[in-house]
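Working notes, beginning with the structure itself.
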Amino acid sequence: MPSLKDLKTRIESVKSTRKITKAMQMVAAAKLRRAQEAAEAGRPYAEKMAAVIGGLAASVGGSDSSPRLLAGTGQDQTHLLVVMTAERGLCGGFNSSIARLAKARIAELTAQGKTVKVLTVGKKGREQLRRDYANLLVGHIDLSEVKRVGYENAAAIAKDVMARFDTGEFDVATIFYNRFQSVISQIPTAQQIIPAVFEDAAEDVGAETPYDYEPSEEAILSDLLPIGVTTQIFTALLENGASEQGARMSAMDNATRNAGDMIDKLTIEFNRSRQAVITNELIEIISGAEAL
Amino acid sequence: MAEAFKFDLVSPERRLASLDATEAQIPGAGGDMTAMANHAPTITTLRPGLLQVIHAGGKDDYIVLGGFAEISADKVTVLAERALPRAEVTKELYAEMVEEYRKAHETAKETFKNEPGPVDDAAKLLSDMVALGDHINL
Numbered sequence: 028m029p030s031l032k033d034l035k036t037r038i039e040s041v042k043s044t045r046k047i048t049k050a051m052q053m054v055a056a057a058k059l060r061r062a063q064e065a066a067e068a069g070r071p072y073a074e075k076m077a078a079v080i081g082g083l084a085a086s087v088g089g090s091d092s093s094p095r096l097l098a099g100t101g102q103d104q105t106h107l108l109v110v111m112t113a114e115r116g117l118c119g120g121f122n123s124s125i126a127r128l129a130k131a132r133i134a135e136l137t138a139q140g141k142t143v144k145v146l147t148v149g150k151k152g153r154e155q156l157r158r159d160y161a162n163l164l165v166g167h168i169d170l171s172e173v174k175r176v177g178y179e180n181a182a183a184i185a186k187d188v189m190a191r192f193d194t195g196e197f198d199v200a201t202i203f204y205n206r207f208q209s210v211i212s213q214i215p216t217a218q219q220i221i222p223a224v225f226e227d228a229a230e231d232v233g234a235e236t237p238y239d240y241e242p243s244e245e246a247i248l249s250d251l252l253p254i255g256v257t258t259q260i261f262t263a264l265l266e267n268g269a270s271e272q273g274a275r276m277s278a279m280d281n282a283t284r285n286a287g288d289m290i291d292k293l294t295i296e297f298n299r300s301r302q303a304v305i306t307n308e309l310i311e312i313i314s315g316a317e318a319l
Numbered sequence: 002m003a004e005a006f007k008f009d010l011v012s013p014e015r016r017l018a019s020l021d022a023t024e025a026q027i028p029g030a031g032g033d034m035t036a037m038a039n040h041a042p043t044i045t046t047l048r049p050g051l052l053q054v055i056h057a058g059g060k061d062d063y064i065v066l067g068g069f070a071e072i073s074a075d076k077v078t079v080l081a082e083r084a085l086p087r088a089e090v091t092k093e094l095y096a097e098m099v100e101e102y103r104k105a106h107e108t109a110k111e112t113f114k115n116e117p118g119p120v121d122d123a124a125k126l127l128s129d130m131v132a133l134g135d136h137i138n139l
């Protein structure tokens, strides 16, 4: 049975933990709002870009002259996985869910006899993957100094990835990130960026009036594909940013609530022990008086 | 009064403009073009240059670097990789941007020694950038 003093110190320490988690939750809430706004602001650009590239790809694709970023290298032997996580922890399952998805993909690809290379963005993912797959890591991009993720950061990552593609380091690139659904739900997502894939975007544009292209369709396409890759990475970074803050906010909310419960329990225990001590003292006094 | 069309200027980070314009002068890769309402549907890439939008309230100038413009009969959408209102571009910022292109040109010269294509592209971008500076008096 812990002494009264012990209980008191524990209550105090849990209280200060609660203060910290509460503060972190509020900071995350404020950052989440900003991250969501940023994600929202980037959406029109990304959507339009995907639509136009999709339309172009649909009309140019298939021909021999289509750029390598679209057509690929013709094989899928070597895979590059770009795993994007946070620089910080204390955000619930945010980092581990991405790492888990990436690990599952690595296991799947290795089982198929493919070569896997991993490029990590964000410290936490690197730490988790290094344990099992240290030999697969080919690079790391550090964003810990970056306060607000900007387009330049995405451009730097894209440049790194495309330089590796140009030197023939890999055939297929996939990015891993958390898609932001709501504060309590972020979906770990894998998205192939090289060679480019476009889902439904192609039909939207193709159905409309035919466009004049200046310069030629091929020239525009090969101009836009690298931008498209950058845009996809940028979108993923923004989604990831919002997801991170959302995950942190709900994790810290839980932590705050748990701390509250713990304080209640400890306080009850404290009061009970104090009562027991008082009763004990009374018994001692009474029995002492009776003995006289 | 000329007919109006919907004009949007978006960069990856924000939407800079969304308004009804009567005329948009776009620095296309193949030369400047002016889009007005009922223009034939066109998609063009951009070179670094000055984008001018004329609307009922006056005229807005933007600096755009890279990207493309989608023009249709009732809508013009400019997706610039980088876009800034003219007023936000200071002499220092502009010098910085030129320096960036100069570096890209240097790197291109080193990496593609025997391929003129990328080097010429970089040189063209650099000269566009310099020309832009003259154009806006910086």
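So the protein lines, in turn, are chains Z and F.
Per the working numbering, the first sequence starts with residue 28, numbered consecutively.
Per the working numbering, the second sequence starts with residue 2, numbered consecutively.
Even for Gly, the Cβ is constructed at its ideal location relative to N, Cα and C.
Source: prediction; values computed, not measured.
DSSP state of residue i mapped onto helix, strand, coil
i                     : result
residue 82 (chain F)  : strand
residue 170 (chain Z) : coil
residue 152 (chain Z) : helix
residue 206 (chain Z) : strand
residue 114 (chain Z) : coil
residue 144 (chain Z) : strand
residue 157 (chain Z) : helix
residue 199 (chain Z) : strand
residue 232 (chain Z) : Only weak support is given to the placement of residue 232 (chain Z): the predicted model assigns it a pLDDT of 46, under 50, and the value that follows is read from those uncertain coordinates. Correct three-state label for residue 232 (chain Z): helix.
residue 179 (chain Z) : helix
residue 215 (chain Z) : strand
residue 184 (chain Z) : helix
residue 71 (chain F)  : strand
residue 136 (chain F) : helix
CB contact flag (residue i, residue j, <7 Å)
i                     : j                     : result
residue 12 (chain F)  : residue 42 (chain F)  : no
residue 132 (chain F) : residue 106 (chain F) : no
residue 84 (chain F)  : residue 63 (chain F)  : yes
residue 203 (chain Z) : residue 133 (chain Z) : no
residue 220 (chain Z) : residue 190 (chain Z) : no
residue 1 (chain F)   : residue 36 (chain F)  : Residue 1 (chain F) falls outside the range modelled here, since chain F spans only 2 to 139, and no answer is possible.
Within-7 Å CB hit, residue i to chain Z
i                     : result
residue 15 (chain F)  : yes
residue 57 (chain F)  : no
residue 11 (chain F)  : yes
residue 80 (chain F)  : yes
residue 64 (chain F)  : no
residue 50 (chain F)  : no
residue 119 (chain F) : no
residue 92 (chain F)  : no
residue 27 (chain F)  : no
Extent of the continuous beta strand (DSSP E) to which residue i belongs
i                    : result
residue 68 (chain Z) : Element bounds for residue 68 (chain Z): not the beta strand (DSSP E) but the alpha helix (DSSP H), 31-87.
residue 1 (chain F)  : There is no way to answer for residue 1 (chain F), as the model of chain F reaches only from 2 to 139.
residue 94 (chain F) : Note, residue 94 (chain F): premise wrong, no beta strand (DSSP E); alpha helix (DSSP H) at 92-112.
The alpha helix (DSSP H) enclosing residue i, as first and last residue numbers
i                     : result
residue 305 (chain Z) : 244-318
residue 137 (chain Z) : 121-138
is_contact[residue i, chain F] using C-beta, thresh 7 Å
i                     : result
residue 38 (chain Z)  : no
residue 247 (chain Z) : yes
residue 227 (chain Z) : Residue confidence for residue 227 (chain Z) is low, a pLDDT of 49 falling below 50, so the modelled location carries little weight; the figure read from the coordinates is stated next. No, residue 227 (chain Z) lies away from the interface with chain F (no Cβ there is under 7 Å from its Cβ).
residue 84 (chain Z)  : no
residue 193 (chain Z) : no
residue 186 (chain Z) : no
Cβ-heavy atom distance, residue i to the ligand FAD, below 6 Å
i                    : result
residue 11 (chain F) : The ligand FAD is not among the ligands present in this structure, which contains no ligands whatsoever.
Q: Say whether the region 150-158 of chain Z touches the region 123-137 of chain Z, bearing in mind that this needs 3 or more beta-carbon pairs closer than 8 Å, one atom from each stretch.
A: yes
Q) Are at least three pairs of beta-carbons, each pair with one atom in the region 63-77 of chain Z and one in the region 208-216 of chain Z, less than 8 Å apart? A) no
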